[in-house]
Amino acid sequence: MKRITLFFCLTLCATITACSHTQPPASAQYLPDDDMCSASQFQNYVGKPLTAAERLQLDEPVRVIPAYASVSMDFNLHRINFLADKTGIISSVYCG
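Counted the way mature numbering (1 follows the signal peptide of the UniProt record, and there is no 0) counts, the sequence shown spans residues -28 to -1, 1 to 68.
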């Protein structure tokens, strides 16, 4: 009986843990510590063609990422990333 109760409790805990998750906020908000590359200053590029970001000449490192492109996984908080959707429109600007 103790084994059945223990099994039931463990199963219940595992189920609750698997079902609980936090949703990310609907819109990304940049906090000063998260905005080391000044991406917040380039949010006006969202909705513009990716070519607009390609023309930028900044002191910070910039990475222009077309849809479905392979990129390195190195994380650089001082690099600005311009991510485009499949139509070539910038969908996100972020540090990393």
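Don't be surprised by glycine CBs; every beta carbon is placed ideally from N, CA and C.
One or two residues paired with R35 in a DSSP bridge: Residue mapping note: residue 35 aligns to position 63 of the sequence shown, counting from 1. The partner list for R35 (beta bridge, DSSP) reads N53.
task: Could you check if Y17 is buried or exposed, using at least 16 other CB atoms within 10 Å of its CB as the buried criterion?
output: For the purposes of this step, residue 17 is taken as residue 45 along the sequence shown, with counting starting at 1. The residue is buried, with at least 16 neighbouring Cβ atoms inside 10 Å.
query: How should F14 be labelled, buried or exposed, when 16 other C-beta atoms within 10 angstroms of its C-beta is the threshold for buried?
result: Walking along the sequence shown from the start, residue 14 turns up at place 42. Around the beta carbon of F14, 16 or more other beta carbons sit within 10 angstroms, so the residue counts as buried.
- prompt: Is it true that the CB of G19 sits closer than 9 Å to the CB of P38?
  reply: Counting from 1 along the sequence shown, the entry for residue 38 is found at position 66. Counting from 1 along the sequence shown, the entry for residue 19 is found at position 47. Taking 9 Å as the cut-off, the Cβ atoms of P38 and G19 do not count as close.
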